[in-house]
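> In the working numbering, the protein residues as written are 107 to 409. Glycine residues also receive a C-beta, built at the ideal position from the N, C-alpha and C atoms. Predicted model, so just to flag it, every value in this text is computed and none were measured. Here it is: the structure, laid out below.
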């Protein structure tokens, strides 16, 4: 059974196929209306990912069953694995899950017994965010028509960002030249496998893509939150007018959102001409339609 859990566990040819699928759907390619049932299980608050998956499911004709984990038997102690087995038993084909725990799916996949639905990871703790990574790839490819050789910098809270982790690895494998900037305490050692840590302004004029990250106050320590200075962070690692003007004409800026305005990006620049932030959200629907198609191809063939 096919799942979509970590974009870096998928063959690169399949990743590129997903990018092309999403762009084809966006361009008007017809889609087969599904007769499958999907449930969305979100253990963390979400606006963009949750509503984007719902929109993708609606456009593909899925029957939706949304479950609030707080109002389910999981609040009584039922495991996620048993919940998924239950959902499969009553006819659910796909489960889209956002969870607070890194790699939540490992325990589910190693459990024995009854079948589970197709799993789609909508974000796990500070681990992976494969659907966000795909929509970012779609947005970059739409602009440049390639990945190899692009100079891409990810800036900000690298340590707590599942988006940064997914993107750093996949973009490196696709041939982009990756660099990273952010507070020293938020620079994970393992990112060195994918690129270099540099000062934010280093070689700034040669960047093609800059991806800014939200400061994840809910994941950093109480002491870090108490010592955090919005003004200082914006000066050191934010996009201000001077940095914006120094970017080359074809460069784009991105952010997984929600944006802390005047922290990661100056308020006046969130929707500036080089910004693709809201286009990322638009592309998210097409990317998630592609993910649903890809994940359930074999199941559709048997229905």
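#1: What is the rounded straight-line gap between the Cα of residue 119 and the Cα of residue 252?
#2: Should residue 270 and residue 260 be called a contact, given that it needs their Cβ atoms to be closer than 8 Å?
#3: Which residue from 333, 188 and 239 puts its Cα closest to that of residue 110?
#4: Compute the Euclidean distance between the alpha carbons of residue 357 and residue 247, then round it to the nearest angstrom.
#5: So, at 7 Å on beta carbons, what are the nonlocal neighbours of residue 107 in its own chain, with the 5 sequence-adjacent residues on each side left out?
#6: Given 8 Å as the limit, is there contact between the segment 306-320 and the segment 348-365, that is, 3 or more CB pairs closer than that?
#7: According to DSSP, simplified to helix, strand and coil, what is residue 226?
#8: Check for me: the beta strand (DSSP E) holding residue 302 runs from which residue to which?
#9: So what does DSSP say about residue 365, is it helix, strand or coil?
#10: Buried or exposed: which applies to residue 323, given that a residue is buried once 16 or more other Cβ atoms fall within 10 Å of its Cβ?
#11: Between which two residues does the alpha helix (DSSP H) harbouring residue 213 extend?
#12: Rounded to the nearest angstrom, how far is the Cβ of residue 264 from that of residue 293, given a contact under 8 Å?
#13: Pick helix, strand or coil for residue 171, following the three-state DSSP scheme.
#14: Within 8 Å, do at least three Cβ pairs link the segment 338-355 to the segment 193-203?
#15: Indicate whether residue 131 and residue 396 have their beta-carbon atoms separated by less than 8 Å.
#16: Is the segment 171-188 in contact with the segment 146-154, if contact means three or more CB pairs nearer than 8 Å?
#17: Check whether the Cβ atoms of residue 400 and residue 244 lie closer than 8 Å to each other.
#18: Looking at the unbroken beta strand (DSSP E) that takes in residue 315, where does it start and where does it end?
Let me lay it out:
#1: 13 Å
#2: yes
#3: 239
#4: 13 Å
#5: 224
#6: yes
#7: strand
#8: 301-303
#9: coil
#10: exposed
#11: 210-216
#12: 6 Å
#13: strand
#14: no
#15: yes
#16: yes
#17: no
#18: 315-318
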